[in-house]
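The numbering of the sequence shown is full-length UniProt numbering, which starts it at 1 and goes up by one. This report refers to the structure that appears directly beneath it.
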Amino acid sequence: MLMWYWIVLIALGTLVAGVALGFFIARKYMMSYLKKNPPINEQMLRTLMMQMGQKPSQKKINQMMRAMNQQMDK
């Protein structure tokens, strides 16, 4: 009877460890993917600003891209 409890305890322990390990691996993969392939680029930002009625200057676009990259690094 004591053997049955050990089997259940080991099964639950490995399940919890697998879920935690899978979460951290998926998180690291997604962060590196988003760093390599940012969801927004300069052309998208320029189009977005023009749709909002602003005349985008290159200086303002560079400033916004720099701020977004700093936010991604944190």
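Glycine included, every Cβ here is placed at the ideal spot set by N, Cα and C. Remember, it's a predicted structure, so these values are computed and weren't measured experimentally.
What is the DSSP secondary structure of residue i, counted as helix, strand or coil?
| i | result |
| --- | --- |
| Asn-37 | coil |
| Lys-74 | coil |
| Leu-43 | Looking at the sequence provided, one finds Gln at residue 43 rather than Leu. Here Gln-43 sits in helix by DSSP. |
| Gly-32 | This sequence places Ser at residue 32; Gly is not what is there. Ser-32 falls in the helix class under three-state DSSP. |
Quick one, which of the options has its alpha-carbon nearest residue i's?
| i | options | result |
| --- | --- | --- |
| Lys-74 | Lys-35, Phe-24, Trp-6, Pro-56 | Lys-35 |
| Gln-70 | Leu-9, Gln-58, Val-8, Pro-38 | Pro-38 |
Tell whether a beta-carbon distance below 8 Å holds between residue i and residue j.
| i | j | result |
| --- | --- | --- |
| Met-65 | Pro-56 | no |
| Ile-40 | Met-68 | yes |
Quick check: is the beta carbon of residue i nearer than 8 Å to any beta carbon in chain D?
| i | result |
| --- | --- |
| Gly-18 | The structure shown contains no chain D, having only a single protein chain. |
Under the assumption that residue i contacts residue j (Cβ atoms under 8 Å), give the Cβ distance between them as a whole number of angstroms.
| i | j | result |
| --- | --- | --- |
| Ile-25 | Glu-42 | Incorrect: roughly 32 Å between the Cβ atoms, too far for contact. |
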